[in-house]
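Colleague: No gaps in the numbering here: position 23 of the sequence shown is 242 in this note's numbering, and each next residue is one more.
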Amino acid sequence: MDQAAERLDISRWKVHDLIRSRQLASFKIGRCRRISEAAVDWYNSLRTEQEAA
220 MDQAAERLDI
230 SRWKVHDLIR
240 SRQLASFKIG
250 RCRRISEAAV
260 DWYNSLRTEQ
270 EAA
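1. Helix, strand or coil, according to DSSP, for arginine 231 in the structure here?
2. Would you kindly work out how many angstroms separate the C-alpha atoms of serine 240 and serine 230, rounded to a whole number?
3. Which word fits alanine 271, buried or exposed, when buried means at least 16 other C-beta atoms lie within 10 angstroms of its C-beta?
4. Does the beta-carbon of isoleucine 254 have 16 or more other beta-carbons within 10 angstroms, so that it is buried, or is it exposed?
5. Pop quiz: alanine 244 and valine 234 are said to be a contact at Cβ under 8 Å. What is the actual Cβ separation, rounded to whole angstroms?
Quick look at the structure:
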């Protein structure tokens, strides 16, 4: 999650909020929550589109 937060330039808590609200896809492996690079890229492009509008 720290890496996703860094790539998106947001706080770790904001990443948690995005996952909870289902705006950022994630999956669990055991007790660890993971976010794929594709999900980070998708959210980043979505955010870029919203800022451009």
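Quick reminder that beta carbons are idealized off the backbone N, C-alpha and C, glycines included.
Modeller: In short:
1. helix
2. 15 Å
3. exposed
4. buried
5. About 12 Å separates the beta carbons of alanine 244 and valine 234, which is beyond the 8 Å limit, so they are not a contact pair.
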